[in-house]
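First up is the structure itself, then whatever we jot down about it.
Residue numbers (the UniProt record's numbering): 1 to 803.
What follows is the structure in structure tokens.
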């Protein structure tokens with residue numbers, strides 16, 4: 001063993017590189033996962049900024065101060081954009097570099113079996129998460145340069161020199177610049193000086209002084225950034241004693257997973273550690289006992305154990321829970337936190353095995369060590385390869401996590417978000433509701449449901465979930481700011497102008513506090529100016545014309561020639577019913593980037609709502625000519641065609657939308673409407689029933705079903721009793737104040753032969769309509785009132801509409 005540790009050579013190095021590459025090959029073509037999208041790469045506007053490198057290093061624009069990590073992503077983005085292959089390749093190469101640095105460091109320490117320890121580290125399954133998950137570039141860089149700094153420090157003790165001192169300082173600076181994972185390295189090196197080299201405390205501090213200075217600076221910056229990210233949220237829910245107790249659990253957990261790397265998962269269960277439970281003190285007492293025994297045996301084997309365990313504990317210290325990081329909200333442990341500490345545990349185990357008396361072995365070391373090493377590495381490699389396949393993409397990793405840890409609300413929430421982004425809204429709602437059922441304070445699920453119901457037109461549920469999201473989200477966080485703006489927009493659309501204005505102002509105050517003045521139009525800044533435009537709408541409705549024009553002007557000046565900003569403003573205006581402004585903004589977005597299908601599709605949808613059907617059809621059909629797998633575009637094109645009387649073509653596109661997203665209720669409802677318009681009563685009733693079954697809380701669908709069952713000219717489709725039941729519940733939920741719902745219930749009463757109640761409800765609906773509008777409904781109500789007074793129900797025309 002010792003030969004391999006003392007004479008690093010090229011063949012041994014190449015073998016380590018090969019072993020480092022193999023474990024994560026199944027994830028090589030994997031997609032971006034979680035933070036890859038939301039923070040680090042896909043949605044990181046700074047990667048697209050020409051001055052991105054400057055802003056990573058010298059501003060507080062990024063969410064974390066990991067400038068080296070962001071810089072590597074910036075370079076990769078310039079080369080390949082959002083294609084994940086290069087990012088995966090670079091992670092694997094960095095893992096190989098870390099393995100090489102671990103080997104050199106252990107060899108410099110003259111450790112028996114250094115190469116074996118490095119080989120086991122190369123293929124260990126605990127490293128899969130750090131290598132296969134692109135976001136953990138920070139852990140790889142921090143470890144690679146951290147071990148490089150350690151190796152150079154140890155070499156400098158043999159051959160002091162200005163060059164080696166500068167090299168180790170630069171390496172440690174880069175490690176901290178990637179992520180301050182090894183911020184405790186000066187403590188580790190000072191301990192090495194005291195215990196191994198028998199240096200005085202003064203000499204130990206002086207020799208490691210550059211490391212102390214850099215650690216202090218990066219540590220202070222890191223704490224400030226984490227507090228900004230957390231936004232005041234209590235991520236652990238523990239007092240100081242419970243945090244200290246959990247440290248022992250965490251240390252023991254990683255040692256167990258090192259020895260038995262079984263059932264590894266992306267999110268582990270979060271333990272309930274209580275200071276009131278005496279048994280929960282045992283892990284800490286165990287660790288104290290181990291260190292005491294090691295100290296007592298320091299003149300023999302104990303010194304090596306003190307060094308190995310000391311490195312393990314100190315290098316893992318930032319992840320033990322005394323300092324808050326946002327991930328503690330989900331679990332107290334994660335595989336990537338132990339990446340830089342794992343070599344110490346492996347090295348300690350290998351060193352301990354090397355001290356077994358050869359006389360007690362059945363074979364000589366020369367015959368026993370190679371096959372034992374090969375078998376161990378082979379088992380670990382197979383386990384790593386199998387686990388790496390779970391990192392193929394977001395849906396795979398979240399389903400794999402839920403299979404191993406069904407209580408992982410993070411996985412359930414993020415799987416729901418992924419399904420929603422893919423158009424599987426019905427399934428996404430089920431998962432979000434499961435999250436809230438298990439933890440009503442999970443504000444992310446409330447916020448997503450708020451947006452889903454807003455897009456579905458159910459503003460009551462949308463407002464309810466946005467309010468709950470604000471109740472539980474950290475008060476000055478990005479989530480709170482965006483939710484205030486979203487809620488303000490929904491309230492504004494429903495005529496609740498003053499409260500909407502208050503939420504918009506609150507949201508913008510939070511968002512503008514998180515954005516540096518003068519920042520280019522990226523990310524949340526676009527949403528800020530969308531919010532300012534909404535404030536302009538609110539001010540205008542309240543008669544504050546001067547303030548309104550000021551808001552409008554600031555938003556227009558901001559957008560200028562930025563397509564993304566125009567698109568964001570356009571979609572925001574669409575949500576609050578400002579369709580003319582929405583069309584204007586989306587047309588400008590399409591002018592700047594005519595190749596963007598999303599922009600053209602959104603413009604087509606708004607034009608259809610404005611009644612500009614020919615233009616809408618042209619835009620939407622051109623999008624489908626390039627990509628026919630977009631259910632929303634098929635649905636919007638169907639709406640435009642139906643409005644122009646082309647029912648058969650409309651039905652064809654609605655059917656295509658349903659085929660692409662069978663669980664999307666609004667597509668089923670649109671199909672049913674078109675079928676009813678064309679006289680396909682049975683099919684329309686069947687589809688509306690299915691839509692109502694999927695979404696019983698959607699008032700628009702329930703009303704249409706109730707209306708069809710009461711007024712269908714085909715007696716085989718009419719179901720007056722069912723219509724009466726649905727219509728009564730709708731009116732009860734809305735306080736009997738919505739004219740169109742009263743009209744629907746009146747038709748159901750008339751279909752049942754109860755013309756007295758039909759007349760009473762229609763008269764009440766007429767009274768409300770004359771107060772609230774619209775005028776067209778008043779005319780229809782008057783005609784139906786005359787029918788009911790004459791003892792006749794209202795039935796829709798039986799003939800098919802001409803196409």
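We put the beta carbon where it would ideally sit given N, CA and C, even for glycine.
In the structure shown, what three-state DSSP assignment does residue i receive?
i	result
residue 716	coil
residue 622	helix
residue 360	helix
residue 389	helix
residue 51	coil
residue 737	coil
residue 196	coil
residue 695	coil
residue 629	coil
residue 439	coil
residue 395	helix
residue 424	coil
residue 313	helix
residue 343	helix
residue 13	helix
residue 726	helix
residue 777	helix
residue 352	helix
residue 763	helix
residue 299	coil
residue 614	helix
How big is the Cα-Cα spacing for residue i and residue j?
i	j	result
residue 289	residue 221	35 angstroms
residue 692	residue 705	8 angstroms
residue 292	residue 300	14 angstroms
residue 273	residue 279	10 angstroms
residue 593	residue 69	31 angstroms
residue 341	residue 120	14 angstroms
residue 456	residue 669	11 angstroms
residue 241	residue 329	18 angstroms
residue 730	residue 742	9 angstroms
residue 634	residue 428	21 angstroms
residue 304	residue 108	14 angstroms
residue 179	residue 507	31 angstroms
residue 487	residue 703	25 angstroms
residue 493	residue 577	6 angstroms
residue 100	residue 246	33 angstroms
residue 250	residue 333	7 angstroms
residue 746	residue 406	48 angstroms
Looking at the secondary structure, which residues open and close the alpha helix (DSSP H) in which residue i lies?
i	result
residue 90	85 to 108
residue 323	Note, residue 323: premise wrong, no alpha helix (DSSP H); not H, not E.
residue 203	201 to 207
residue 414	409 to 421
residue 657	647 to 660
residue 471	459 to 472
residue 74	67 to 80
residue 120	114 to 123
residue 809	What the structure shows of the chain is the stretch from 1 to 803, and residue 809 is not part of that stretch, so it cannot be assessed.
residue 590	579 to 592
residue 155	137 to 158
residue 130	128 to 132
residue 33	No alpha helix (DSSP H) contains residue 33, which DSSP labels as neither H nor E.
residue 257	240 to 259
residue 602	597 to 609
residue 675	665 to 677
residue 490	478 to 493
Give me, in chain order, the residues of the same chain whose beta-carbon lies closer than 6 angstroms to that of residue i; leave out the 5 immediate sequence neighbours on both sides.
i	result
residue 683	675
residue 35	135
residue 210	169
Leaving out five residues on either side along the sequence, give the residues of the same chain with a beta carbon under 7 angstroms from the beta carbon of residue i.
i	result
residue 395	415, 418
residue 804	Any property of residue 804 remains undetermined from this structure, which presents the chain solely from 1 to 803.
residue 376	120
residue 438	409
Which residues in the same chain have their Cβ closer than 8 angstroms to the Cβ of residue i, if we skip the five residues on either side of it in sequence?
i	result
residue 345	254, 255, 258, 308, 312
residue 306	195, 291, 294, 295, 298
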